[in-house]
Amino acid sequence: IAQVYGNGGKDSLKLPYLHEMDMTLQTVISKEPETRKNWSNFEIDCEVKYILHYMNRKNFTVAHEHIEKVKKLLEPHVDPVFWLNVQLIQLQYYAKTDEYDKSIALIDEVTPTVLNNYVSTFATLINYKASTQYDKGDIDGAIETRRYLIRKQDSLNNAFSANQLKQVKEIYHIDELLLEKQKIQDMNYRIGFIFLGVCLLLMLLFYLYTRYVSGKIAVVEKKTAEAALQAETDNIAKERLKSEISHDIRTPLNVVVGFAELLTGKEELDKETKREYGQMIQTNAESLLNYVNSILELSRLESGKIQYEDEECDIIQLCSEVLDKVNGREESTVSVSLQTDLKEQLARTDRRWFDTLLVSMLTPSENDTARYEAIIRIRRDRTRSALYFDVVNAPFAKVHFENKTSLIRHEINAHFIHYFGGIYKVQTEAEEGPTISFTIPCRD
Numbered sequence: 001i002a003q004v005y006g007n008g009g010k011d012s013l014k015l016p017y018l019h020e021m022d023m024t025l026q027t028v029i030s031k032e033p034e035t036r037k038n039w040s041n042f043e044i045d046c047e048v049k050y051i052l053h054y055m056n057r058k059n060f061t062v063a064h065e066h067i068e069k070v071k072k073l074l075e076p077h078v079d080p081v082f083w084l085n086v087q088l089i090q091l092q093y094y095a096k097t098d099e100y101d102k103s104i105a106l107i108d109e110v111t112p113t114v115l116n117n118y119v120s121t122f123a124t125l126i127n128y129k130a131s132t133q134y135d136k137g138d139i140d141g142a143i144e145t146r147r148y149l150i151r152k153q154d155s156l157n158n159a160f161s162a163n164q165l166k167q168v169k170e171i172y173h174i175d176e177l178l179l180e181k182q183k184i185q186d187m188n189y190r191i192g193f194i195f196l197g198v199c200l201l202l203m204l205l206f207y208l209y210t211r212y213v214s215g216k217i218a219v220v221e222k223k224t225a226e227a228a229l230q231a232e233t234d235n236i237a238k239e240r241l242k243s244e245i246s247h248d249i250r251t252p253l254n255v256v257v258g259f260a261e262l263l264t265g266k267e268e269l270d271k272e273t274k275r276e277y278g279q280m281i282q283t284n285a286e287s288l289l290n291y292v293n294s295i296l297e298l299s300r301l302e303s304g305k306i307q308y309e310d311e312e313c314d315i316i317q318l319c320s321e322v323l324d325k326v327n328g329r330e331e332s333t334v335s336v337s338l339q340t341d342l343k344e345q346l347a348r349t350d351r352r353w354f355d356t357l358l359v360s361m362l363t364p365s366e367n368d369t370a371r372y373e374a375i376i377r378i379r380r381d382r383t384r385s386a387l388y389f390d391v392v393n394a395p396f397a398k399v400h401f402e403n404k405t406s407l408i409r410h411e412i413n414a415h416f417i418h419y420f421g422g423i424y425k426v427q428t429e430a431e432e433g434p435t436i437s438f439t440i441p442c443r444d
């Protein structure tokens, strides 16, 4: 309750619940002092709420008293997340009180622990130190701190790549093969020296066997080099994707947080402004939720956590059902027609995912007010036993490159089509209009 009132900017309503939380904790601990360690995380959380409350009211004296109190609670058994929260709260306090030296000293103190346990927070922490030095007027110090950050990030990336290479070598058992080869050579050399005269044939066989093993090693080494190159490429792609995802998540999140702060701030806003801010928060929150859900759905598909239902369906009937659904929408800007010579056609697919596939292609983006006359063309190629689909003037083909959410949805659609042995292609500049083409194997 205290958290809800705090987020809503209702400090006067929050404080009684915060006091009650504190008194309840102290009562429980006084009755069972031997269980104090079990309640340490809750005590720290309570003190952190006090600190934020008094800092927001600019009562820094009382806030400092609670900081000193919470620091005494940081014992080895405390959850690392709460330990990190306390350090970040102190940095906020020093920033509000312009205590630059203390802020820099605290960052230097906690950096080794953060580097070992919170690598994802390390860059943010060091960048904050550089900003503090800049605000202090120490320009040279800020430049040196940023150079240190760049060097440290490079060393972390190199260490990660070396670890990947080691994992690849373990996968292909190179060390075991080399050891096996050496053991075989040593054993056969001893036998050769002892039975030199009578074992020429065995030596020849050994030579041939060695050539065979060497060939295997050469093949494995080639695969290892290719795997290492692929691992490095995947690493670069992963870092780029992580950066893009971070940016795409951060943008709507910043909008939500920014306008939420304006709504909960002390400045009085009129109803129209509040409504506009609320609409912006809702729009960006929904966009962020859709983006995250798309990423999670694609991840579950690629990891095999989501399985398709392989069932025999009448594709023509499925398409007709989708047409009825899309054309039956109220205030819809999309009308769809079906063009095919087929009355019915059986094929193996997942009924639910096929429905989702077509609906996604025929659904315009949120801000798209254009009208669409979409056409679904279906033809059968008997020589290849495949159905060819062209969704002409598809709204979803138009947004192929406009945002990451649409790109991920195209990846999900392609994953589904590829699973059942088909192909998936988007043509944004097709002659008849944006077109999505795909195939599905079918029965004759």
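Each step along the sequence shown adds one to the number in UniProt numbering, with nothing skipped, and position 332 is 332. No residue lacks a Cβ here, since even glycine has one placed at the ideal position from N, Cα and C. It should be emphasised that the depicted structure is a prediction, and the values quoted were computed from it without experimental measurement.
Distance, residue j Cα to residue i Cα
i      : j      : result
ASN41  : SER320 : 58 angstroms
LEU301 : PHE354 : 15 angstroms
GLU99  : ASP79  : 28 angstroms
VAL110 : ILE150 : 19 angstroms
LEU201 : MET187 : 16 angstroms
THR439 : ASP341 : 16 angstroms
THR369 : ILE104 : 52 angstroms
HIS415 : LEU115 : 38 angstroms
GLU272 : LYS136 : 41 angstroms
LEU289 : PRO364 : 18 angstroms
ASN56  : GLU330 : 48 angstroms
GLY215 : LEU204 : 17 angstroms
SER437 : THR349 : 17 angstroms
ARG275 : SER287 : 18 angstroms
THR224 : TYR308 : 33 angstroms
ASP270 : SER406 : 36 angstroms
LEU13  : LEU52  : 15 angstroms
ILE191 : THR210 : 15 angstroms
ASP22  : SER360 : 51 angstroms
PRO76  : ARG36  : 13 angstroms
Of the listed residues the options, nearest to residue i (C-alpha basis)
i           : options                        : result
ASP45       : THR132, MET361, LYS129, LEU74  : LEU74
ASP138      : SER294, CYS199, THR27, ASP101  : ASP101
ILE412      : ASP140, LYS404, TYR189, SER294 : SER294
TYR50       : ASN85, LYS223, ILE67, GLU429   : ILE67
MET280      : LYS305, TYR308, LEU253, SER303 : LEU253
GLU432      : GLU32, TYR372, LEU269          : TYR372
LYS10       : GLY265, PRO33, GLU32, TYR209   : GLY265
residue 453 : GLN185, THR356, THR283, LYS404 : Lying outside 1 to 444, the shown extent of the chain, residue 453 is not represented and no answer is given.
GLY304      : PHE193, LEU15, ARG147, TYR419  : TYR419
ILE217      : ILE194, GLN182, PHE193         : GLN182
SER385      : THR113, ASN85, GLY421          : GLY421
Close Cβ partners of residue i (< 7 angstroms) along its chain, the five nearest in sequence each way excluded
i      : result
THR145 : ILE126, LYS129, ALA130, GLN133
THR435 : ASP390, VAL391, VAL392, ALA394, ALA397, GLN427
TYR277 : PHE259, LEU262, LEU263
LEU387 : ILE315, GLN345, ALA347, ILE378, ARG380, THR439, ILE440, CYS442
TYR306 : One detail in the question is off: residue 306 reads as Ile in this sequence, not Tyr. Same-chain partners within the cutoff: ARG300.
GLU43  : LEU25, LEU73
Residue i classed as buried or exposed, judged by whether at least 16 other C-beta atoms fall within 10 angstroms
i      : result
LEU362 : buried
LEU358 : buried
LYS398 : buried
ASP234 : Here the model assigns ASP234 a pLDDT of 49, short of 50, so the residue's position is not dependable and the matter cannot be decided.
VAL336 : buried
GLU170 : Residue placement at GLU170 cannot be trusted, given a pLDDT of 49 that sits under 50; the coordinates are not used to answer.
ALA347 : buried
TYR38  : Checking the sequence, you will find Asn at residue 38 rather than Tyr. Exposed, by the Cβ-count rule.
TYR212 : exposed
GLU232 : exposed
VAL326 : buried
Anticipated Cβ contact below 8 angstroms, residue i with residue j, distance rounded
i      : j      : result
ILE417 : ILE408 : Actually they do not touch by this definition, with Cβ atoms about 15 angstroms apart.
CYS442 : ARG380 : 6 angstroms
ASP314 : GLN345 : 7 angstroms
VAL391 : HIS410 : Incorrect: roughly 13 angstroms between the Cβ atoms, too far for contact.
VAL81  : VAL48  : Contact doesn't hold; Cβ gap of about 11 angstroms is too wide.
VAL334 : ALA374 : 6 angstroms
ARG351 : GLU311 : 6 angstroms
VAL256 : ALA285 : 5 angstroms
Contact test: residue i Cβ vs the ligand MN heavy atom, cutoff 8 angstroms
i      : result
GLN317 : In terms of ligand content, the structure shown is empty, and the ligand MN therefore cannot be addressed.
Chain-order list of residues whose beta-carbon lies under 6 angstroms from that of residue i (same chain, five-residue window excluded)
i      : result
LEU60  : First, the residue type needs correcting, since residue 60 is Phe and not Leu in the sequence shown. Closer than 6 angstroms at Cβ, skipping near neighbours: THR97.
ALA142 : ALA130, GLN133, TYR134
TYR54  : VAL62, ALA63
ALA237 : In this prediction, ALA237 has a pLDDT of 45, which is less than 50 and means its spatial position is unreliable; what the coordinates show is noted afterwards. Result list for ALA237: empty, nothing under 6 angstroms.
GLU20  : none
Cutoff 8 angstroms; reference residue i; Cβ partners in own chain excluding five residues on either side
i      : result
LEU106 : GLN87, GLN90, LEU91, TYR94
ASN117 : PRO80
GLN317 : GLU344
GLU429 : none
ILE249 : LEU288, TYR291, VAL292
CB contact check: residue i to chain C, cutoff 9 angstroms
i     : result
ASP98 : The structure shown contains no chain C; it is built from a single protein chain.
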